[in-house]
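> From first to last, the protein sequence lines are chains S and Y. Under numbering that gives the first Met the number 0, think of the first position of the first sequence as 0, with each following residue one higher. Under numbering that gives the first Met the number 0, think of the first position of the second sequence as 0, with each following residue one higher. Note that beta-carbon positions come from the ideal geometry of N, C-alpha and C, so glycine has one too. Just dropping this structure here.
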Amino acid sequence: MTLEAWFALFGHFLLLSLLSIGGAITVAPDMHRVLVDQMGLLNDAQFNASIAIAQAAPGPNVLFVAAMGYQAAGVLGAASTLAGIMLPSTTLAFAAARWGHARRDRLGLRAFRAGMAPIVIALLVATGWILSAQTPGWVHTLLTAAAAILVWRTRVHLLIMVALGGLAGALGWV
Amino acid sequence: MSEPAAGAGRVGAANESTLAVPASNKDLFVTFTFLALQGFGGVLAVAQRVLCEQKRWLSKEQFVDILALAQVLPGPNVCNVALMIGDRFSGWRGAFSALAGMMSVPLVVVLILTVLYAQYSGFPMVAGALKGMGAVSAGMIIGTALKLAPTLKQNPLGVPACAGIGGAMFVCVALLRWPLVWVLLALGVLACAAAARRLKQAHQVSPSP
């Protein structure tokens, strides 16, 4: 990859960072436009695999960005896409959290916390719903429902649930 | 993992008085590393369990507060959460430690898997296992939401209004698939304005905070 292309990639991810409300996955369509259609650094299969790998691997899903960068241009590519997607948003989050915490007793901030609480919780349900609905089939839905109830009502270790889900899938039941 | 004091409630109902703090920045780094490594298909469910129930660094209410800000701001939610919690406990060094813990080791894992994937992606068992794990991680996020829902009982908006706002959010995002930014903006402004009105009314009735 030329230095010029590298700067273009880094710059584009810096911009996408500030647009990624709801997580980096929300700007994935634009990443596809740039990496696959415009710059031709990845093909469709590589692009989709990056997202699948990061979702299956432990850790934050934003790491799919590093998997894309790596497939496009090795370790340097991973460093530039990941640094690009993280730097603006983390700087903003850091500043906003300090600003908000220092003024947490003001009416506006109390109203923000109270008003956003039901939205945050509903957004979690929506996220789980969308993730599960990507794959059709009643066994898949049943597995999702069982995991939800176990997390809600019991203290079964989360890794045990993930392992059982993986086993059921490997056996071809899902 | 140290057990909470007797009678503190086994299913993680941390009162603000029984909360602990991280021992050091290293503690933040290590805790977030282990937390991230348990988070297959997303870290939020593990984060809630580890931070509120095992470590007891935050109450459920504090977790929801931090998550609210993390979700309306751009960037990966769990990374914003790590950053904010680290900063709350020990400034920018804490923020950096928590975020580095969340990302460093998982990054290495993802890069290794990226290299391996090309070789094993053809195996149906691998694809099947990924599907099963995906189903479980989706359920874990929903379960976390159900666990956090009781915090809404203390919400100044009242339970019916919370249910209405939450229901509308779910319908717009999950069923209608409208763009998150606009839904968040419209419902967020509405909900915050309603909350401000309720808080003002409550303030006029009883001036003590």
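1. Determine whether the Cβ of residue 75 of chain Y lies closer than 8 Å to any Cβ atom of chain S.
2. So which residues of chain S does residue 154 of chain Y contact, with C-beta pairs closer than 8 Å?
3. Following the continuous alpha helix (DSSP H) through residue 29 of chain S, name the residue where it begins and the one where it ends.
4. Anyone know if the C-beta pair for residue 150 of chain Y and residue 53 of chain S falls short of 8 Å?
5. Check whether chain Y comes within 8 Å of residue 14 of chain S, counting only Cβ atoms and requiring the distance to be less than that.
6. Under 8 Å: do the segment 28-36 of chain Y and the segment 100-108 of chain Y share three or more Cβ pairs, one atom per stretch?
7. Which residues mark the beginning and the end of the alpha helix (DSSP H) in which residue 24 of chain S is found?
8. What number of angstroms, rounded off, separates the C-alpha of residue 100 of chain S from the C-alpha of residue 87 of chain Y?
9. Kindly list the residues whose CB is nearer than 6 Å to the CB of residue 177 of chain S, restricted to its own chain and excluding five residues on each side of it in sequence; keep chain order.
10. Suppose contacts are defined by Cβ-Cβ distances below 8 Å. Is residue 63 of chain Y in contact with residue 119 of chain S by that definition?
11. Which one of S/22, S/21, S/20, S/49 has the shortest CA to CA distance from residue 34 of chain S?
12. Rounded to the nearest angstrom, what separates residue 199 of chain Y and residue 164 of chain Y at their Cα positions?
13. DSSP on residue 122 of chain Y, reduced to helix/strand/coil?
14. Please check if any C-beta of chain Y sits within less than 8 Å of the C-beta of residue 47 of chain S.
15. Could you tell me which residues DSSP pairs with residue 39 of chain Y in its beta bridges?
16. Exposed or buried, what is residue 133 of chain S when buried is set at 16 or more other beta-carbons lying within 10 Å of its beta-carbon?
17. Would you identify the three-state DSSP class for residue 12 of chain S, choosing helix, strand or coil?
18. Would you call the segment 182-190 of chain Y and the segment 138-156 of chain S touching, i.e. three or more CB-CB distances under 8 Å?
19. Which term fits residue 3 of chain S, buried or exposed, when burial requires 16 or more other beta carbons within 10 angstroms of its beta carbon?
20. Looking at the structure shown, is residue 73 of chain Y part of a helix, part of a strand, or coil, going by DSSP?
21. Count the C-beta pairs between the segment 61-69 of chain S and the segment 109-126 of chain Y that are closer than 8 Å, then say yes if the count reaches three, no if not.
22. Should residue 50 of chain S be flagged as near chain Y, meaning a C-beta pair shorter than 8 Å?
23. Give a yes or no on contact between the segment 124-131 of chain S and the segment 132-139 of chain Y, applying the rule of three or more CB pairs nearer than 8 Å.
24. Could you please give the first and the last residue of the uninterrupted alpha helix (DSSP H) stretch that includes residue 80 of chain S?
25. Between residue 137 of chain S and chain Y, is there a C-beta pair that is closer than 8 Å?
On the basis of the supplied data:
1. Indexing the second sequence from 1 puts residue 75 of chain Y at position 76. Interface residue, yes.
2. Here residue 154 of chain Y corresponds to residue number 155 of the second sequence, with the count starting at 1. Residues of chain S passing the Cβ test: 113, 116, 117.
3. The count along the first sequence starts at 1 and reaches residue 29 of chain S at position 30. That run of the alpha helix (DSSP H) goes 27-31.
4. What you label residue 150 of chain Y is simply residue 151 of the second sequence in a count that begins at 1. What you label residue 53 of chain S is simply residue 54 of the first sequence in a count that begins at 1. The answer is no: Cβ separation not under 8 Å.
5. Taking the first residue of the first sequence as 1, we reach residue 14 of chain S at position 15. It does not; no Cβ of chain Y falls within 8 Å.
6. yes
7. Counting from 1 along the first sequence, the entry for residue 24 of chain S is found at position 25. That residue, residue 24 of chain S, is in no alpha helix (DSSP H); it is neither H nor E in DSSP.
8. Numbered from 1 along the first sequence, position 101 holds the residue referred to as residue 100 of chain S. Numbered from 1 along the second sequence, position 88 holds the residue referred to as residue 87 of chain Y. Their backbone Cα atoms lie some 9 Å apart in a straight line.
9. Because chain S here runs from 0 to 173, residue 177 of chain S falls outside it and cannot be looked at.
10. In the second sequence, the residue the question calls residue 63 of chain Y occupies position 64. In the first sequence, the residue the question calls residue 119 of chain S occupies position 120. In contact: residue 63 of chain Y and residue 119 of chain S (Cβ atoms closer than 8 Å).
11. Here residue 34 of chain S corresponds to residue number 35 of the first sequence, with the count starting at 1. A check of alpha carbon separations from residue 34 of chain S across S/22, S/21, S/20, S/49 identifies S/49 as the nearest.
12. Taking the first residue of the second sequence as position 1, residue 199 of chain Y is located at position 200. Taking the first residue of the second sequence as position 1, residue 164 of chain Y is located at position 165. Distance between the alpha carbons of residue 199 of chain Y and residue 164 of chain Y is about 20 Å.
13. By one-based count along the second sequence, residue 122 of chain Y stands at place 123. Coil at residue 122 of chain Y, not helix or strand.
14. For the purposes of this step, residue 47 of chain S is taken as residue 48 along the first sequence, with counting starting at 1. Cβ-Cβ to chain Y under 8 Å: no for residue 47 of chain S.
15. The residue labelled residue 39 of chain Y in the question sits at position 40 within the second sequence. Answer is S/57, bridged to residue 39 of chain Y.
16. Here residue 133 of chain S is taken as the residue at index 134 of the first sequence, counted from 1. Result: exposed.
17. Position 13 of the first sequence, counted from the start, is the residue given in the question as residue 12 of chain S. Three-state result, residue 12 of chain S: helix.
18. Short answer: they don't touch.
19. To locate residue 3 of chain S, count along the first sequence from 1; it is residue 4. So residue 3 of chain S ends up on the exposed side.
20. Translated into positions along the second sequence, residue 73 of chain Y becomes position 74. Note: residue 73 of chain Y maps to strand in three-state DSSP.
21. yes
22. In the first sequence, counting from the first residue as 1, residue 50 of chain S sits at position 51. Not an interface residue.
23. As far as the Cβ criterion goes, the segment 124-131 of chain S touches the segment 132-139 of chain Y, which means the pair count is three or higher.
24. As a working note, residue 80 of chain S is residue 81 in the first sequence. Note, residue 80 of chain S: alpha helix (DSSP H), 63-101.
25. Against the first sequence, residue 137 of chain S aligns to sequence position 138. So, not an interface residue.
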